[in-house]
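Residue numbering for the sequence shown follows numbering that gives the first Met the number 0, starting at 0 and increasing by one per position. From the three backbone atoms N, C-alpha and C, an ideal C-beta is built for every residue, glycine too. For reference, the structure discussed in these notes is given below.
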Amino acid sequence: MASFTRRIEDFVCQQCGRAVSGDGYTNHCPACLWSQHVDVAPGDRAAGCGGMMQPVEVESRSRGYRILHRCVVCGAEKWNQTAPGDDFEHLLAAMRASANRKLGL
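The following block contains the structure:
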């Protein structure tokens, strides 16, 4: 498995337009929780896809929450840890949507 490469990069969210200040661990927008498919291994910027990654599931873990992102272009899925500044209402909405899908609603 490839190692983590820390990159401190700011970006503008392609989903909601928010300007995001990166800290080297930032991989999704804290406002809408969407990400972009740019990495094969964290921080390597080796993914050629570049598609937007939708938050499709949120799990509660012993160290907080994690988000499952699914690329809307190629279907790749990756789990990512939430960050303290993530919008909790969007986390709850993603949890509800995930539960509804699992229940077939």
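- Counting only residues of its own chain and dropping the five nearest sequence neighbours on each side, G42 has a CB closer than 7 Å to the CB of F3, T4, R5, R6.
- At a Cβ-Cβ threshold of 7 Å, W33 and M51 count as neighbours.
- The shortest C-alpha to C-alpha distance from V57 to any of D9, Q13, E88, V72 is the one to E88.
- Counting of Cβ neighbours within 10 angstroms places N99 among the exposed residues, the total staying below 16.
- Partner residues in a beta bridge of W33, as assigned by DSSP, do not exist.
- Apart from sequence neighbours up to five positions away, the residues of its chain that approach V11 with a beta-carbon distance below 8 Å are R17, A18, V19, ordered along the chain.
- In the structure shown, R95 falls within a helical segment according to DSSP collapsed to helix, strand and coil.
- Counted as a single uninterrupted DSSP element, the beta strand (DSSP E) harbouring G63 occupies residues 63-70.
- In this model, C73 and S61 are separated by some 31 Å (Cα to Cα).
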